[in-house]
Amino acid sequence: MIAKTMYGLEAILADELQQCGATDIEQLTRAVAFTGTMETLYRANYTCRTALAILKPFAEFDANNDQELYDNVSQIKWEKILDVDGTFMIDSTTSGTIFTHSYYAALKTKDAIVDRFRRMFGRRPTINTENADYKLNLHITDNHVTLLMNSSGESLHKRGYRQAVGLAPINEVLAAGMLKLAGWKCDRNFFDPMCGSGTLLIEAAMMANSIPAQYYRGDNFGFCRWKEFNRAEWRNIKQQENKKIGSLDFDHEIWGNDIDMDVLGGAEENLQYTKLHKDVMLYCNSFEDQDPPEGPTLIVTNPPYGERIKVDDLNDLYTKLGNTFKQRYGSDCEAWLITSDFDAMKHIGLHPSRKIQLFNGSLDCRLLKFELYDGSKKNPSAQNL
Ligand SMILES: C[S@@+](CC[C@H](N)C(=O)[O-])C[C@H]1O[C@@H](n2cnc3c(N)ncnc32)[C@H](O)[C@@H]1O
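Residue numbers in the sequence shown follow this note's numbering, run continuously in steps of one, and reach 425 at the last position.
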């Protein structure tokens, strides 16, 4: 099978898949290949925080031209896979010199499928590119064709907990990946000084409470519509994973802060929905005026990147952020931030001890780690470190 993820999160996802019982794990770019049973597939969908989709291959053949593609697809027993009255869509990727247009290859594949249904039943399943019952993946490398079924359906970043959106919410899979890259092991406090609608807070709190990634999503998975869907096995896996909730006895603070009261209202709404509102404290201040919790604290944040604010203001914001790191946060804090603004980044005035490349949508970003020292709060003479 193939688990899809974001650039830079492949190793994290490989670990998560191993915990689901996957074997033969191989890291690819933005994906991880693995072997597993249906149980592995259900568990990976339910628990992997850094997977966007789990794809299950079901047909493989060679095709040297359009007609061979059509003929091979026609021979697949689609009536055993798709519902004639259902909807489907095809995502396609092609590489090599034979199939140079992925859209055209998908069209040929679609024709072969619907023609087979028409021949057999006089009617056919319809295409729905928004919310199809069956999402197929067509993957062609040179003349080698693989057809996979997207077992997740809607992307797994849609966890089902987001009631309010905020200004520029970070993707849930990226947020979880950032936390894992930053070493969030739920053994200290967590603080996001620019928390927006609270995605990092919720993902951190879900990990601290061992709440499965898709706990709030219900049964909104592609595989629930498959003919081979085993509801009893799926329920059993959910029960096993739900039994782990609260098993860490997490006894630290999770705090969020944002300057914008309206946005914080959204964070509160999301937290209420997840019933994590008692575990997370929210503050409304500029980050310069907000202390982190007392004691060892991991800080991970997603500041503005200048998509909506002027460059001068952004440089000033990053300067203030650096000063706050130096002056307000002590050596028991470790700070990470993600940004795509490489100029503004220089205004932080601290040398990052790690830089990890990630993408926020199409934006080339860096996740930066800053080691902190006891600043003015604890040692007034160190103000200008
Ligand atoms: C990119 S958004 C964060 C989005 C958040 N990660 C989420 O998932 O919703 C940046 C946030 O920084 C906040 N912000 C901007 N300047 C701030 C400041 N000086 N102090 C605190 N928060 C600030 C904005 O209100 C905004 O919510």
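Where a beta carbon is used, it is the ideal one built from N, C-alpha and C, also for glycine.
Between the alpha carbons of residue i and residue j, how many angstroms are there, rounded?
i: K150; j: T359; result: 54 Å
i: E66; j: T90; result: 15 Å
i: A84; j: I42; result: 11 Å
i: I242; j: C235; result: 10 Å
i: R271; j: L377; result: 41 Å
i: L412; j: N363; result: 11 Å
i: V113; j: Y174; result: 16 Å
i: W295; j: R228; result: 12 Å
i: H387; j: R70; result: 31 Å
i: R164; j: P233; result: 53 Å
i: F230; j: A215; result: 13 Å
i: G238; j: D300; result: 12 Å
i: M247; j: I94; result: 21 Å
i: N171; j: F128; result: 8 Å
i: I285; j: A73; result: 28 Å
i: G262; j: L304; result: 33 Å
i: I180; j: T186; result: 6 Å
i: C226; j: A384; result: 31 Å
i: L357; j: L178; result: 45 Å
i: H184; j: L221; result: 35 Å
Can you give me the start and stop residues for the alpha helix (DSSP H) that residue i sits inside?
i: N85; result: M78 to T87
i: E243; result: T239 to A248
i: N112; result: D106 to Q115
i: L55; result: For clarity, residue 55 is Asp in the given sequence; the question names Leu instead. Note, D55: alpha helix (DSSP H), E50 to Q59.
Determine the extent of the beta strand (DSSP E) in which residue i is found, giving its start and end residues.
i: M46; result: M46 -> no beta strand (DSSP E), and no H or E assigned at all.
i: F101; result: A93 to D102
i: D4; result: Residue coverage of the chain in this structure runs from 41 to 425, which leaves residue 4 outside it and unanswerable.
So, with DSSP's three-state summary, where would you put residue i?
i: V213; result: helix
i: F139; result: coil
i: K175; result: strand
i: S132; result: strand
i: D356; result: helix
i: A204; result: coil
i: D251; result: Reading off the sequence, residue 251 comes out as Ile, not Asp. Reduced to three states, the DSSP call for I251 is coil.
i: L187; result: strand
i: D232; result: strand
i: A71; result: strand
i: T169; result: coil
i: D64; result: strand
i: T181; result: strand
i: T90; result: coil
i: R163; result: coil
i: R199; result: coil
i: A222; result: coil
i: G346; result: coil
i: Q423; result: For Q423, the predicted structure reports a pLDDT of 39, less than 50, and the residue's modelled location is therefore unreliable. The matter cannot be settled from this model.
i: D227; result: coil
i: G362; result: helix
i: Y256; result: coil
**Item:** Stretch pair the region 253 to 260 + the region 190 to 209: three plus CB contacts closer than 8 Å
**Value:** yes
**Message:** If contact is defined by three or more beta carbon pairs under 8 Å, each pair taking one atom from either stretch, is the region 157 to 170 in contact with the region 120 to 128?
**Reply:** yes
**Request:** Quick one: which unbroken beta strand (DSSP E) runs of 3-plus residues sit fully inside the region 258 to 341? Chain order, please.
**Result:** 294 to 297, 320 to 323 and 337 to 341
**Item:** Three-pair Cβ contact test at 8 Å for the region 276 to 283 versus the region 206 to 216
**Value:** no
**Message:** Threshold first: 4 residues or longer. Then list the alpha helix (DSSP H) segments lying entirely within the region 365 to 420, N to C.
**Reply:** 382 to 386
**Message:** For the region 404 to 411 against the region 365 to 383, do three or more pairs of beta-carbon atoms, one drawn from each stretch, fall closer than 8 Å, so that the two count as touching?
**Reply:** yes
**Request:** State whether the region 48 to 63 contacts the region 98 to 118, with contact taken as three or more CB pairs (one from each stretch) at a distance under 8 Å.
**Result:** no
**Prompt:** Can you find at least 3 beta carbon pairs, one from the region 366 to 374 and one from the region 319 to 339, that sit closer than 8 Å?
**Reply:** yes
**Asked** Should the region 102 to 117 be regarded as contacting the region 70 to 79, the criterion being three or more beta carbon pairs within less than 8 Å?
**Response** no
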